[in-house]
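See structure below.
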Amino acid sequence: MTRTGLTIVIIVVVMALVGPLVSPFDPAAQELSLRLVGPTATHWFGLDELGRDVLARVLTGARISLLVGLIVVGVSSIVGTVMGAVAGYFGGVIDEMISRVIDVLMAFPGLLLAIAIVAVLGPSLVNVVLALTIIGWVGYARLVRGQALRVRELEYVSAARASGAGTRRILLHHVIPAVLPAVAVQATLGMGGAIVSEAALSFLGLGVQPPTPSWGTMLSYGRAHLLDAPHVTIFPGLAIAVLVLGFNFLGDGLRDRLDPRA
Amino acid sequence: MLAVLVFLARRLVLTIPVLLGVATLVFSLIHLIPGDPAQSILGEAAVPADVEALRHTLGLDRPLIVQYGGFLAGLVQGNLGTSLRTGEPVTSQIADRIPATFELALAAMVVAIAVAIPLGLAGAVWRGTIADHAAMTMALAGVSIPNFWLGPLLAIVFGVEFGWLPVSGRGGIEHLILPAISLGGALAAIVARLTRATVIEELREQYVTAARSRGASRRRAVLGHAFRNSLIPIVTVVGLQFGAVLTGAVITETIFSWPGIGRLLVQSIGFRDYPMVQGCILFIAVTYVGVNLATDLLYGVLDPRIRYR
């Protein structure tokens with residue numbers, strides 16, 4: 182399962198990088214006479230409502246999706262790990278404060294808070310990344326806090342403390358490394374989550390703005406042509422499902438390997 | 013009995029700061045708008061007098077602390093302000109949409125459970141076989157397929173190609189089928205995986221072996237013993253997923269033009285009707301907190317071990 186997931190992810194990353202070699206068409210070039218034409222030998226995925234090559238746009242969209250996933254997961258996991266480790270290790274007032282913030286942010290289901298944030302800040306890629314990071318770090322913080330509470334009671338941490346190691350050293354060298362496997366699993370699954378979230382926001386018109394190709398935006402525009410040009414909807418959606426499935430396979434596989442109890 | 017009451021009271025009290033935090037966050041939303049919110053709502057071309065009038069309507073000309081106090085006081089009385097688009101109270105417009113959203117959410121959950129439990133049981137009983145792998149691959153695919161793709165796909169196949177089902181609006185049960193499947197798909201996948209994992213866990217317990225040694229059939233051991241004991245975690249997860257279903261409804265309602273709160277939210281964002289946006293967000297978040305609380309309480313009452321943690 183891990184291998185299947187990794188293979189899917191690698192293929193998508195490579196396709197995103199070498200996009201122009203796969204489809205020589207400019208993702209922004211319009212061929213209005215060919216608008217909404219279905220898949221042909223030249224245009225494998227057909228053309229969209231402005232006569233743009235759907236394959237070229239799916240490949241460029243992959244870059245946006247992967248980029249958003251990487252930034253959101255990267256920043257969220259670092260912020261969340263630090264906050265969670267600090268809260269769990271120190272306990273007391275610091276833990277109370279961080280935990281209450283986590284509680285309030287967790288009171289908003291899934292994407293709702295991200296929708297709210299982007300709705301007031303205005304639709305853009307930067308605001309999507311910001312909103313997804315604001316809701317994203319909480320999951321890591323909660324995970325790491327729980328683990329840190331456990332780790333700080335372990336003998337090797339007590340031994341390190343007894344031998345004069347400072348708080349910073351204990352956190353960086355003992356607590357955080359112990360929680361990293363769990364964070365890695367969550368981050369892998371989080372890549373899929375961030376990619377779907379970006380696409381969902383873009384689908385609602387709150388994310389990446391045209392003409393930048395994003396899978397969610399493509400699906401949103403495809404809706405108007407479900408009857409006459411279903412290919413405009415089918416291919417970007419397939420791309421999301423395949424990439425997310427890849428990350429989910431990879432995350433599940435990693436969890437089985439790193440955490441035999443799960 | 014006393015332990016149950018103490019548990020219930022403590023859980024209820026713990027919810028108050030969370031609700032206050034949610035209200036504060038929703039209140040601050042309008043102040044996150046870059047620049048002057050009133051100017052942003054009316055657009056750059058608006059005349060200063062109109063901007064000033066809107067600032068007054070929204071209460072933005074009052075000190076922040078007074079605005080906050082007014083917001084909380086209104087909330088307690090069920091007053092969420094007036095829609096900028098229709099001029100009607102936000103609460104009454106949300107109330108009008110509640111039945112549609114709840115109908116859709118419940119239908120999605122019914123679909124999810126009806127699909128997931130047989131799938132999960134099959135995975136657990138025939139663990140490691142092709143049937144198990146097929147069921148779990150299907151479940152993982154279900155988690156990975158976003159509802160904003162599944163929805164249009166279902167519409168293409170069953171609405172457009174076969175013409176069996178309507179693809180927009182609310183009406184009879186036939187209007188409910190496609191949106192409910194599209195919204196329930198991801199939940200079905202989660203519940204199927206959970207059912208499989210919990211039933212496998214329970215099947216290892218000694219009481220199952222004991223039941224089998226007393227001559228209970230395999231079918232009875234699985235359904236009457238292992239599955240019955242798996243129900244508590246399954247019900248809990250379904251309850252906790254209600255929030256995800258509500259958020260998913262924002263997208264599903266948009267796809268199928270379903271006249272619920274999610275569609276109202278998306279439309280209000282488009283019209284920059286911020287009081288309505290705040291109202292919808294608050295309503296969904298508070299419902300989510302409420303359902304989670306109810307799930308927790310039920311769990312605590314059903315399973316005495318939880319109360320003493």
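Sequence lines, in order, name chains A and B.
Straight run, no breaks: the first sequence in my numbering ends on number 443.
Straight run, no breaks: the second sequence in my numbering ends on number 321.
Note that CB positions come from ideal geometry on N, CA and C, so glycine has one too.
{"query": "CA-to-CA distance, I157(B) to A117(B), given in whole angstroms", "result": "18 Å"}
{"query": "Enclosing alpha helix (DSSP H) for N304(B) [first to last residue]", "result": "286 to 314"}
{"query": "Burial state of W176(B) (16 or more Cβ within 10 Å)", "result": "exposed"}
{"query": "8 Å Cβ cutoff, I245(A) in contact with chain B", "result": "no"}
{"query": "Pair within 8 Å by beta-carbon distance, L409(B) and F268(B)", "result": "Given a span of 13 to 321 for chain B in the structure shown, any question on residue 409(B) remains unanswerable."}
{"query": "Contact under 8 Å by Cβ, V102(B) with G196(B)", "result": "no"}
{"query": "DSSP three-state assignment for D234(A), whether helix, strand or coil", "result": "strand"}
{"query": "L228(A) (DSSP reduced to helix, strand or coil)", "result": "strand"}
{"query": "Rounded straight-line distance, which links the Cα of Q211(A) to that of R233(A)", "result": "5 Å"}
{"query": "R321(B) - DSSP class collapsed to helix/strand/coil", "result": "In this prediction, R321(B) scores a pLDDT of 49, lower than 50, which makes its location untrustworthy; the coordinate-derived value is nonetheless stated afterwards. If DSSP states are grouped into helix, strand and coil, R321(B) belongs with coil."}
{"query": "S95(B) at chain A interface by Cβ criterion, 8 Å", "result": "no"}
{"query": "Three-pair Cβ contact test at 8 Å for the region 376 to 394 of chain A versus the region 238 to 252 of chain A", "result": "yes"}
{"query": "Strand pairing of T94(B), partner residues [DSSP]", "result": "P101(B)"}
{"query": "The region 138 to 145 of chain B in contact with the region 417 to 432 of chain A per 3-pair CB rule at 8 Å", "result": "no"}
{"query": "Segments assigned beta strand (DSSP E), at least 3 residues, entirely inside the region 140 to 211 of chain B", "result": "none"}
{"query": "Three-state secondary structure assigned by DSSP to S339(A)", "result": "helix"}
{"query": "Euclidean distance between Cα positions of G317(A) and M287(A)", "result": "10 Å"}
{"query": "Min CB distance F226(A) to chain B below 8 Å", "result": "no"}
{"query": "C-alpha distance - V310(A) paired with L294(A), whole-angstrom precision", "result": "13 Å"}
{"query": "CB contact flag (A200(B), V249(B), <8 Å)", "result": "no"}
{"query": "Among H354(A), R323(A), S305(A), L361(A), nearest to R436(A) - alpha-carbon criterion", "result": "L361(A)"}
{"query": "I172(A) at chain B interface by Cβ criterion, 8 Å", "result": "One cannot answer for residue 172(A) here, as it falls past the ends of chain A, which runs 182 to 443."}
{"query": "Chain-order list of residues whose beta-carbon lies under 6 Å from that of M148(B) (same chain, five-residue window excluded)", "result": "G135"}
{"query": "I293(B) versus V423(A) - alpha carbon distance", "result": "31 Å"}
{"query": "Own chain residues within Cβ distance below 6 Å of A368(A), not counting five before or after", "result": "V254, S258"}
{"query": "Test item: CB-CB of A112(B) and P271(B) under 8 Å", "result": "yes"}
{"query": "G33(B) at chain A interface by Cβ criterion, 8 Å", "result": "yes"}
{"query": "Beta-carbon contacts of D260(B) that lie in its chain and below 6 Å, excluding the five residues immediately before and after", "result": "Before going on, a small fix: residue 260(B) reads as Gly here, not Asp. If we look at G260(B) and ignore the five residues flanking it on each side, its Cβ neighbours are N159, L195."}
{"query": "Residue range of the alpha helix (DSSP H) that includes G274(B)", "result": "273 to 282"}
{"query": "Distance between beta carbons of F430(A) and I189(A), contact taken as under 8 Å", "result": "7 Å"}
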